[in-house]
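This report concerns only the one structure given below.
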Amino acid sequence: MKIARIVGSTISTIKNRRIMNTKLLICRETDAFGKKELGTSYVAIDLVDAGIGDLVLTCHGSAARQTPVTKETPTDAVIMAVLDHLEVDGEITFRN
Amino acid sequence: MKIARIVGSTISTIKNRRIMNTKLLICRETDAFGKKELGTSYVAIDLVDAGIGDLVLTCHGSAARQTPVTKETPTDAVIMAVLDHLEVDGEITFRN
Amino acid sequence: MKIARIVGSTISTIKNRRIMNTKLLICRETDAFGKKELGTSYVAIDLVDAGIGDLVLTCHGSAARQTPVTKETPTDAVIMAVLDHLEVDGEITFRN
Amino acid sequence: MKIARIVGSTISTIKNRRIMNTKLLICRETDAFGKKELGTSYVAIDLVDAGIGDLVLTCHGSAARQTPVTKETPTDAVIMAVLDHLEVDGEITFRN
Amino acid sequence: MKIARIVGSTISTIKNRRIMNTKLLICRETDAFGKKELGTSYVAIDLVDAGIGDLVLTCHGSAARQTPVTKETPTDAVIMAVLDHLEVDGEITFRN
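Residue numbers (the working numbering), protein chains in the order written: chain A, 12 to 107; chain B, 12 to 107; chain C, 12 to 107; chain D, 12 to 107; chain E, 12 to 107.
Take a look at the structure:
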């Protein structure tokens, strides 16, 4: 799973009908501390009612379809947790 | 999913027969804003009748076979949405 | 599989219910010698009761769901072994 | 899918018996134009009787096993089309 | 599939029981010529009784579980062939 910050949203009227009612958010991977945003951005389906600015966990690949919402849909990334707290190298580096 | 711009098309007469009638387009990943094209290019099967220049979402891996067109075909990338609108860091960065 | 050091932990109250009772640890990939930590960090579900500082093996993708704990969960990385000993280029480079 | 040029071949007498009768070719990814060879090389099973020097499409991951030849084999990359023609940014950049 | 050289071995007493009796070797990817070792190292389950120093092919992802030994195990990489001979750009670049 990747630690990422939600930075934006997408709208598309023409899309595969199996993902018609999903919320597609733009995520930017962060470092282990939840601080520095790294270069990579990607779009994930939101499963946990996350909002812009939230620090989240995303999972990728076939893992993204192991939920009732995404089963058998063309989905390769989902937001599956909102992070409250990160502790790295003995220090609390993020608290919501 | 990746945000990408469609930059080209491919023709091949010799190909695996399961993908015989598919449209194979060349995509170039963009940044989260849908503006700057990044280095990576790849080929994806078009599911949404997209055209050259369109900004799209592509999904990858086994996700690409979760549709009637691509089921049980040797496909690892599909175009599954045409983007109308991107909003990043509170600004509209792309509008179709 | 990747060689990684466990560097931290995560807490999240809002998460997909299928992973409710799992321990999500932050891993940092190391080189083959188990010494130098590389740039990449990721979060994995712990299957072997590993602790902070342990050198472990993680596996990724659908492999991560080949266990009773993670079956049919949105999981793309698990810690599946604690390393005791690494031998590289004829030298023991790590011993627990 | 990736655009790649076939640059070589491999021989191995000791191999998993499920891939005993396959042709394993060395591929080097190219840019979108089919011109510049990029750094990455990999080995793929040939499904379309391709030859050294051909520009091809390869697919990766579980997609590679969606054919009678590779089904249930330890294969993660196949050559599934020989490219005749690439058009990028409005120009024909490759013609066989 | 990747071309890699086996550079080391791992021992771990605490590991997922499904991989209890497997041999876990450390592999370092090489270039197409089988000569220069690249940066990336990873651990793979040995299926072909390979030894330290051998040049091998490894396959990744769900492909790694398409064998009796690795079926339904948390495995994402296997060594599935020992290379005898590589020919690249018309020259034999490796012979065992």
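Idealized CB from N, CA, C, for every residue including glycine.
Taking 8 Å as the CB-CB cut-off, is residue i touching chain D?
i	result
E:Leu97	yes
E:Lys13	yes
E:Leu36	no
E:Val57	Residue identity differs from the one stated: residue 57 of chain E is Asp in this sequence, not Val. No, no contact with chain D.
B:Ile90	no
B:Asn107	no
Does the distance from the C-beta atom of residue i to that of residue j stay below 8 Å?
i	j	result
A:Val54	B:Leu68	yes
E:Gly19	E:Ile90	no
B:Ser23	B:Cys38	no
B:Thr21	B:Ile56	no
E:Ala75	E:Asp87	yes
E:Thr41	E:Ile17	no
B:Lys46	B:Thr104	yes
A:Pro85	B:Cys70	yes
D:Glu83	E:Gln77	yes
B:Gly50	A:Ser73	no
Does the beta carbon of residue i fall short of 7 Å from some heavy atom of the ligand SAM?
i	result
A:Val67	The ligand SAM is not part of this structure, which contains no ligands at all.
In this structure, how does DSSP classify residue i when only helix, strand and coil are distinguished?
i	result
D:Ser23	coil
D:Ile110	With chain D represented from 12 up to 107, any question about residue 110 of chain D goes unanswered, as that position is not in the structure.
C:Gly72	helix
C:Lys46	coil
B:Ile103	strand
C:Ile14	strand
Hey, could you find the ends of the beta strand (DSSP E) residue i is sitting in?
i	result
C:Thr41	35-41
A:Val59	No beta strand (DSSP E) holds A:Val59; DSSP gives it neither H nor E.
B:Glu98	96-99
A:Val80	From DSSP, A:Val80 is part of no beta strand (DSSP E); its letter is neither H nor E.
C:Met91	88-93
Please tell me whether residue i has its Cβ less than 8 Å away from any Cβ of chain C.
i	result
E:Thr104	no
E:Arg16	no
E:Lys47	no
E:Thr41	no
With a threshold of 8 Å between beta carbons, is residue i in contact with chain B?
i	result
D:Gly62	no
D:Val54	no
A:Gly19	yes
So with Cβ pairs under 8 Å, would you call residue i a contact of chain E?
i	result
D:Asn32	no
C:Asp100	yes
Three or more C-beta pairs below 8 Å linking the stretch 30-42 of chain A and the stretch 85-100 of chain B = yes
Between the stretch 61-87 of chain E and chain H, which residues of the former have a C-beta closer than 7 Å to a C-beta of the latter?
-> Annotation note: the requested chain H is absent from the structure, which comprises protein chains A, B, C, D and E.
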